[in-house]
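Here's the structure we're looking at; comments come further down.
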Amino acid sequence: MNKREFLKSMAATSLAAFLPEFVFAAPTTADTYRKLLILVELKGANDGLNTVVPYADAEYYRLRPRIAIKRDDVLQLTEGEGLHPALAPLLPLWQANELAVVRGVGYPNPNLSHFRSIEIWDTASSSEQYLQQGWLARAFRANPVPREFAAAGVIVGNADPGPFAGGSRTVTLTNTEQFLRQARLATPGRARGNKALDHILGVEDEVVQAARGLGGGAALTTTFPDGPFGNAVRTAASVLAGREPVAAIRLTLNGFDTHQNQPGIHANLLRQLGEGLAALKAALLELGRWDSTLILTYAEFGRRVQENASSGTDHGTANAHFVLGGGVKGGLYGEAPRLDRLDNGNLAHVVDFRSLYATALQRWWGLDSVGPLGGRYATLDLLRS
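In structure tokens, the structure reads:
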């Protein structure tokens, strides 16, 4: 296999992109990114109302006569709200004050197209802006991840670079061992004065560096759930057990576009989410990384408040999201959904999604958030330090 064939194979299976930094900023200390960020994308748009259930609100049951979660089945968090029963694995985190629930997350003038709205979330743009670079890529451009890190970001479960698009050293993994086996075919080369060839050889060098850093870690004893998301969590954990660190990981759980027959489908997805996040915590504890890891869920939008004729929900707006980790101050944030004050049948947002990103950048990593997010957004007081 020659170098061109190797790189083509890697792009198709496990290597998304190793792109150069476009500016030479002052080096960021390794300590900044020793605090890990994990993003969990709920692709297709999770139904927040059946995830964090306003079980004390009669309007909820009036608007959802077939798909509402029965009051007696709700895992109560407060006297008015609780979790879907499939999220039982998250209750210990709530009880340990390590799970924050942020209600009403969205943005002004919401777009209800999957493709456009996730682009807005990934680039931290406004509805009227069209940006090419992801918000994490911009953050890493301004504050480069040290070269001794195996990679700036690792993507598991969905090849789309999302928030890493357009400038970060990012590896896409379907299977860590497969990546390591293929990377052994690469041999670092010297520049030869040809720009195209120099670039290819540079990419190959990055592959070898990443493989060295992602490999050689200790075997974990944590038990991971079966299924695609469980496998993604297992892959992420094996990356974190590697010799060299990474700054951020993005996991994806697919299938949340529940236009029909939602109850069973949604319960299965939330079961995978709860079991996967519980296993992720167990692995992070085993690695001594739980207190230095921040986990955020996100999705392109929520679902419409009223159920449709197919026992499902259509595209909506504001949503509930989870923030968890050993450094999180658990509790409810934002505001409970006002089902008596809908905006054209949808929930009004009370927390701009970029406030979640600002919290990660500014309060978690100690970085300036204005540049990467294109403006100043209030941070959320949900971290212990």
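Under the working numbering, think of the first position of the sequence shown as 145, with each following residue one higher. Glycine included, each C-beta is placed from N, C-alpha and C at the ideal position.
Exclusion of the five residues before and after S271 leaves N253, N255 as the residues of its chain whose Cβ lies within less than 6 Å of its Cβ. Around L505, the same chain offers A283, L511, D512, S513, P516, L517 as residues with beta carbons nearer than 8 Å, after the five sequence neighbours per side are excluded. Here F368 carries a coil assignment [DSSP, helix/strand/coil]. Among the bridge pairs identified by DSSP, D496 is matched with G250. Annotated as distal: F400 and A244, with beta-carbon spacing of 9 Å or more. Just so you know, the alpha carbons of W508 and L280 end up roughly 14 Å apart.
Annotation for N412: the continuous alpha helix (DSSP H) segment containing it runs 406–430. Apart from sequence neighbours up to five positions away, the residues of its chain that approach S499 with a beta-carbon distance below 7 Å are Y521, A522, T523, L524, ordered along the chain. Taking the Cα of G432 as reference, the smallest distance to any Cα among A492, A385, G456 is reached at A385. Between the region 444–459 and the region 414–431, the count of Cβ pairs shorter than 8 Å is below three; the stretches do not touch.
Bridge partners of G226 according to DSSP: V197, Q220. Here the region 190–197 makes no contact with the region 371–382; the two share fewer than three CB pairs at distances below 8 Å.
The Cβ neighbour count for E292, taken over all protein chains shown within 10 Å, is under 16; the residue is labelled exposed.
Here D217 is actually not in contact with P198; their C-beta atoms are around 14 Å apart, not less than 8 Å.
A distance below 6 Å between beta-carbons, with the five flanking residues on each side excluded, links N302 to the following residues of its chain, in chain order: T396.
L511 carries a coil assignment under DSSP once its states are collapsed to helix, strand and coil.
No Cβ-Cβ contact shorter than 9 Å links L221 with A443. For the pair V184 and D175, the Cα-to-Cα distance works out to about 23 Å. Under the three-state reduction of DSSP output, T437 falls in the strand class. For the 9 Å CB-CB criterion, S455 and N412 do not form a contact.
The Cβ atoms of G224 and A480 lie closer than 9 Å to each other.
Within 10 angstroms of the beta-carbon of S529 lie fewer than 16 other beta-carbons, which makes it exposed. E203 sits in a helix when the DSSP states are folded into three classes. Exclusion of the five residues before and after L428 leaves W434, T437 as the residues of its chain whose Cβ lies within less than 7 Å of its Cβ.
In the structure shown, the three-state DSSP call for Y477 is strand. Beta-bridge partners of L468 (DSSP): L243, I439. Inter-residue distance for V246 and L235 is about 16 Å (C-alpha atoms, whole angstroms).
DSSP places V383 within a helical segment (H, G or I) once states are collapsed to three.
A Cβ-Cβ contact shorter than 9 Å links V298 with V315.
Per DSSP, the beta bridge partners of L186 are L397. In the structure shown, D487 adopts extended strand secondary structure according to DSSP, grouped into three states.
Only residues of its own chain outside the window of five on either side were considered, and among them R448, V449, Q450 have a CB closer than 7 Å to the CB of G489, listed in chain order. Distances from the CA of R387 to each of Q416, A200, A295, W265 were compared; the closest alpha carbon is that of A295. Shown here, V449 sits in coil according to DSSP, grouped into three states, outside any helix or strand. The beta carbons of G470 and V249 sit about 22 Å from each other, so the pair does not count as a contact at 8 Å.
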